[in-house]
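Residue numbers (our numbering), protein chains in the order written: chain V, 552 to 791; chain C, 7 to 473; chain A, 572 to 782.
Where is the CB? At the ideal position from N, CA and C, for every residue including glycine.
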Amino acid sequence: MKTLILSKVVMRSAAYSIFFVCAVAAIGIATVSSAMAASGPVALDSVPQAKLSDKAAMQNGAKTFMSYCLGCHGVSAMRYSRLSDIGMNEEQIKALLPEGKKTGDYIRTSISRNDAKEWFGAAPPDLSLTARARSSHSGTGTDWVYTFLRTYVEDPSRPTGWNNKTYPGVGMPHVLWEMQKTKSPAEFDSAVGDLAAFLNYVAEPAQFTRKTFGIVVLAFLAVFFVIAWRLNKAYWKKIR
Amino acid sequence: MAAEKTVTTTGLLGWIDNRFPLTKMYKEHLSEYYAPKNFNLWYFFGSLAMVVLALQIITGIFLTMHYKPDASLNAAGIPVAFASVEYIMREVPFGWLIRYMHSTGASAFFVIVYLHMWRGMMYGSYRAPRELIWIFGCTIFLMLMAEAFFGYLLPWGQMSYWGAQVIVNLFAAVPLIGPDLAVWVRGDFVVGDATLNRFFAFHVIAIPLVLVGLVAAHIIALHEVGSNNPDGVEIKKNKNADGIPLDGIPFHPYYTVHDIVGIAGFLIVFCAVVFFAPELGGYFLEFNNFIPADPLVTPPHIAPVWYFTPFYSMLRAVTDLFTWVMVGAAALGALALLRSNWPMVIRAAGVAAIVVLAITFRVFDAKFWGVVIMGGAVIILFFLPWLDVSPVKSIRYRPTWQKVLYAVFVVNFFILGYLGVLPPSPIGQAYSLAGTVFYFGFFALMPLWTNKGQFKPVPDRVTFKPH
Amino acid sequence: MSQSNQELSFPSPTESIEPERRTWLIACGAAGGVAAAATAVPILSSMAPSEKARSAGAPVEVDIGDLVPGAIKTVEWRGKPVWIVRRTPEMLASLEKVESQLADPKSDRTAFPVPQYAKNRHRSIKPEVLVTVGICTHLGCSPVSKFETGNQPGLGADWAGGYFCPCHGSNFDHAGRVYANKPAPDNLEVPRHMYLSDTRLVIGRDEKGEA
């Protein structure tokens, strides 16, 4: 096709200039988008990392959950009996059970979804996966829970009298207000941290086993790689 | 009695060989299949793709034992499908492991397939006589995208639901029959239980069967003509007295053993993700998908999974402004046709057709053209063997400026992908427009630029360093 | 330049593999075997009863305070029907009379081992209360109760009362023991059970623990 005649010089400069433009664009976009991220969701406080693997903290959190949260929120993917993972024995679990429930039951709330929707504007969500679902570039979902429960402010314009800096316009009242009043700020933060640690565990009970397995598997694979490499070498030495 | 066969094997193997071409196939495809000896890292991804396909099928089978494709709510108000995934994660022994292997495998499949396709582009593996291998491969890629799309609805999270809703609505953009087509695909007026069940059927059996068949065809077509190599040299041109290519080595044991190393390396990366970072920052398992599907609430930011994002950027780039760009491209095409030396009748008919097409660019919604562009971006790949008119196969022997263009293509693809993850913005829109034009221009104008410039001399024999 | 492909081809069965290749082949084979086993174990275990199935298989408590003599109560345990019968003195008396017609009157067979406390003629802890799994030991249908004695259609002239399985015609007596020359080989299973009180029975658990 002898249509458009493109000289070598034109083609070459076209290629290089496109490359230059792309490079500039890439850098520009990287800068702009990181700026966007910073102005995005609210900054989150990090839950104290030690609590996330502390069984005592998680047990505390479990008790807080049953006392304050189970009234409206279920964690219906969990069974009560599974709490043995975090070190609770059968008696301790039975002590947590609401009336009429067995240890093999799923942890469900008894509030009616329709009633709750009427009272609060939205049905209280199941919290089984909140510690994963609320993750973002600002932090993990567990961090979100930890921050959310500690950023309630009084707001007479809201039906419940409370608003929340992490979730403006939330329908949930400040369920822990009495705890916040009676405990010192450090104690309150610790209690909320325990609750966040509990929800972190609930979101993925397998997380602790998985990391242990991972270490064994990767160690084995490292050895396997070396063996495979040597086997390959033994054969390819002959190829000239 | 049947015609006498001449098999040299004896015993049980001989019995089989007289009834099934076992040893014959072993020789033809393994011990006497001669592959070029200069394969590099880029040549691992074919066997890795097969490994991941097997992995997905096996983990998929075991997931199907426990998963329930049911959109109705259980006693706790959670959709049954969503709850069944959490059941697998918590109550099925090692269910969490099988789930993570399947989700990581899906993303790994795309990483591997993109790298595998890039190898083909770099070394001209699609050039004659390997066009059919490339065509089977592009079909596999399309089927893989469909498989991933259908599979992603199954967990029935917010991303699953709204992603499916948006993509099926793309079908509604087709003029005249669109809305009815979308209802037929969904089985309902919105994405619901009917959609979930049929996507389950597609994902679990229909497409996997097609995929396995296509992969077999892909490999059979490859073995019929023999593999290409990083130098683009045809090893069959130089054979020894026994008819064996001088630069060829038997696939088994040399490449079987070689591929084991590749698999070991892949498994290290794969297992690192599965055991230590299965979500991979929300790219492999998206955060919004941990919320059960809610037909009444759309999440503030829907994006497809990372492997679709380059094409998603192209879809978003097609606005009213873009349709003018398309008209411009049509005008250039008409001009080129007029200045060609084809018969006048053909030229007149062609220009008329292009004018009609250009009118439709402005008459039909930009929404429809967005779908066409997105689909076209994959379809144009099928034509690569005929668009590339370069005298050399491999990028190694192309002029430097062509290598630069290839690099730009990759960078552009990555940028388009990155933009697809972000919410739309003016600068993103502007770049996506330019990036889409570059993507299509790169391929469509290949007949013009791939045979220009100073090519390096292609050697007669492959370049190989003993190791 | 390149050596002949003949040297490179796969060694025939009569040639031996070079020592270095053999070493690494064996090492690789062994490691591969370990990897295969390590992968197979979790994947195949996933087919074992999940927490949900094990939870559903938990012991079942039954209140038998309202069970009158001659009445039969059915509860579900592990997806199977379990019969609890308060036997009348006539029913208990029939147990000795039919013993010559039974295949395994002393419950010696081991396919469904009888717990120690039920290894007696009445096959139960309390003589009046029978606890047995209502699944025929032939191919798994659930027999029907036939407590009416005397001439019964299909059951012979002097049917002493018990259970009849409609699928292939096996008969069982008032202790769930199978009649001889019938398709079913074993007596009806007696599950592990214990009394929490005079009127409260738990099926699936006894002093030794859970079944």
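In the DSSP assignment, no residue is bridged to His725 of chain V.
Between Lys245 of chain C and the set C:Pro42, C:Cys277 and C:His307, the nearest pair of CA atoms involves C:Pro42.
DSSP places Tyr718 of chain V in no alpha helix (DSSP H); its state is neither H nor E. Here DSSP, grouped into helix, strand and coil, assigns Ser687 of chain V to strand. Here the alpha carbon of Asp248 of chain C sits roughly 43 Å from the alpha carbon of Ala608 of chain A. Annotation: Phe419 of chain C is outside any beta strand (DSSP E); the continuous alpha helix (DSSP H) that includes it extends over Thr406 to Val427. Listed by position along chain V, the residues whose Cβ is nearer than 9 Å to that of Met95 of chain C are Ala628, Glu755, Pro756 and Ala757. Distance between Ser90 of chain C and Lys789 of chain V, taken at the CA atoms: about 54 Å. For Arg322 of chain C, the number of other beta carbons within 10 angstroms of its own is at least 16, and it is reported as buried. Using beta-carbon distances, Arg692 of chain A does not count as an interface residue toward chain V, since no partner is under 8 Å. Checking the DSSP bridge columns, you'll see Phe743 of chain A partnered with A:Tyr734 and A:Val749. For Ser632 of chain V, the closest alpha carbon among the candidates V:Leu621, V:Lys732 and V:Leu648 is that of V:Leu648. Shortest Cα-Cα distance from Val721 of chain V to any of V:Met730, V:Lys762 and V:Tyr703 involves V:Tyr703. Nearest to Ser671 of chain A by alpha-carbon distance, out of A:Thr645, A:Glu589 and A:Asn752, is A:Asn752. In the three-state reduction of the DSSP assignment, Val715 of chain A falls in the strand class.
Secondary structure at Ile643 of chain A: strand, using DSSP grouped into helix, strand and coil. For the region 73-136 of chain C, the continuous alpha helix (DSSP H) assignments of 4+ residues that do not extend past its boundaries occur at 86-96 and 101-129, in sequence order. Between Ser621 of chain A and chain C, the shortest Cβ-Cβ separation is below 8 Å.
Listed in chain order, the positions of the region 259-293 of chain C with a beta carbon within less than 7 Å of a beta carbon of chain V are Pro259, Tyr260, Val263, His264, Ile266, Val267, Ala270, Gly271, Leu273, Ile274, Cys277, Ala278, Phe281, Phe282, Gly288 and Phe293.
Exclusion of the five residues before and after Pro652 of chain A leaves Thr645, Val646, Val704, Gly705, Ile706 and Ser713 as the residues of its chain whose Cβ lies within less than 8 Å of its Cβ. Between the region 297-309 of chain C and the region 26-40 of chain C, the count of C-beta pairs closer than 8 Å stays below three; the two stretches do not touch. Rounded to whole angstroms, the gap between the alpha carbons of Trp713 of chain V and Thr760 of chain V is 40 Å. Comparing alpha carbon positions, the residue from C:Pro432, C:Thr469 and C:Val378 closest to Val180 of chain C is C:Val378.
When the five nearest sequence neighbours on each side are left out, the beta carbons in the same chain lying within less than 7 Å of the beta carbon of Lys409 of chain C are those of Ile401, in order along the chain.
Across the region 629-650 of chain A, no CB contact with chain C closer than 8 Å is found for any residue.
At a cut-off of 8 Å, the C-beta of Val696 of chain V has no neighbouring C-beta in chain C. Met765 of chain A has A:Val773 as its beta-bridge partners, per DSSP. For Asn722 of chain A, there is no enclosing alpha helix (DSSP H); the residue is part of the beta strand (DSSP E) that begins and ends at Gly721 to Gln723. Cβ proximity to chain V below 8 Å picks out nothing from the region 762-779 of chain A. Exclusion of the five residues before and after Asp634 of chain A leaves Thr770 and Arg771 as the residues of its chain whose Cβ lies within less than 7 Å of its Cβ. Between Met151 of chain C and chain A, the shortest Cβ-Cβ separation is not below 8 Å. Runs of the beta strand (DSSP E) lying entirely within the region 238-318 of chain C and spanning at least 3 residues, in chain order: 254-256. Taking 8 Å as the cut-off, the Cβ atoms of Met149 of chain C and Val216 of chain C count as close. DSSP links Glu632 of chain A through a beta bridge to A:Val773. For Ile183 of chain C, the closest Cβ of chain V is not nearer than 8 Å.
If you check the CB distance, Thr329 of chain C and Arg368 of chain C come in under 8 Å.
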